[in-house]
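Taking it in order: structure first as structure tokens, then the write-up.
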Amino acid sequence: MATEVEQHINLEVEGGIGWIRFNRPEKMNAIGALTRTQLAEAIKQAERDDAMRVVVLTGSGRAFCSGADVTEMAPGAGMRTPEDVGNVLRNEYMPMLMRLRTMPKPVIAAMNGPAVGIGASYALACDMRIATPEAYILEAFINIGLAPDGGVTWLLPRLAGT
Numbered sequence: 000m001a002t003e004v005e006q007h008i009n010l011e012v013e014g015g016i017g018w019i020r021f022n023r024p025e026k027m028n029a030i031g032a033l034t035r036t037q038l039a040e041a042i043k044q045a046e047r048d049d050a051m052r053v054v055v056l057t058g059s060g061r062a063f064c065s066g067a068d069v070t071e072m073a074p075g076a077g078m079r080t081p082e083d084v085g086n087v088l089r090n091e092y093m094p095m096l097m098r099l100r101t102m103p104k105p106v107i108a109a110m111n112g113p114a115v116g117i118g119a120s121y122a123l124a125c126d127m128r129i130a131t132p133e134a135y136i137l138e139a140f141i142n143i144g145l146a147p148d149g150g151v152t153w154l155l156p157r158l159a160g161t
């Protein structure tokens, strides 16, 4: 019996618009391993599909993306060392962010709610951001003793100024 894979990312094409939607509303669209895999595939597909003239990245529910799923970083949950976290950033998150930044078609972040941590990086990597009144960008790494990740230290000054 085949097991159905949960869809953490939805990709739809409607009228020339490719909609990539974070789909974990119960976790405020936190990004875990399955989400990363599905998001990477959706971004590659959007890049290749000429039926998509523009790409919109958004979230389901009340959040754009609450960042990395920290439950996957807990002891015994998969990522065991700081090197594991660094490898995920370098080998998974950064290539996706670079693909968004260099995609030959416009990429819009439709921020329907909070964009936190790596979620903020995804919003900032897009060509344009459109936000609801409930949306905000938050980099709270200092609150948990970490430096910002996901290229935000490069992206944010270029968008907001120094």
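Using numbering that gives the first Met the number 0, the letters of the sequence shown map in sequence onto residues 0 to 161. Every residue gets a Cβ at the ideal spot worked out from N, C-alpha and C, and that includes glycine.
| query | result |
| --- | --- |
| Which residues DSSP lists as bridging F63, in chain order | Looking at the DSSP assignment, F63 forms no beta bridge with any residue, so it has no partner. |
| Span separating the alpha-carbon of P113 from that of A130 | 9 Å |
| Unbroken alpha helix (DSSP H) run spanning G118, endpoints | I117 to A124 |
| Beta carbon of A124 nearer than 9 Å to that of R100 | yes |
| For S47, the nearest candidate out of D68, G160, G116 and G17 (CA to CA) | In the sequence as presented, Ser is not what sits at residue 47; that position holds Arg. Comparing Cα-Cα distances from R47 to each of D68, G160, G116 and G17, the minimum goes to G17. |
| For E11, three-class secondary structure by DSSP | strand |
| C-beta contact flag for Y92 and I117 at 9 Å | yes |
| Three CB pairs or more closer than 8 Å across the region 82–89 and the region 38–54 | no |
| Start-to-end residues for the alpha helix (DSSP H) that takes in I30 | Element bounds for I30: n/a, residue is neither H nor E. |
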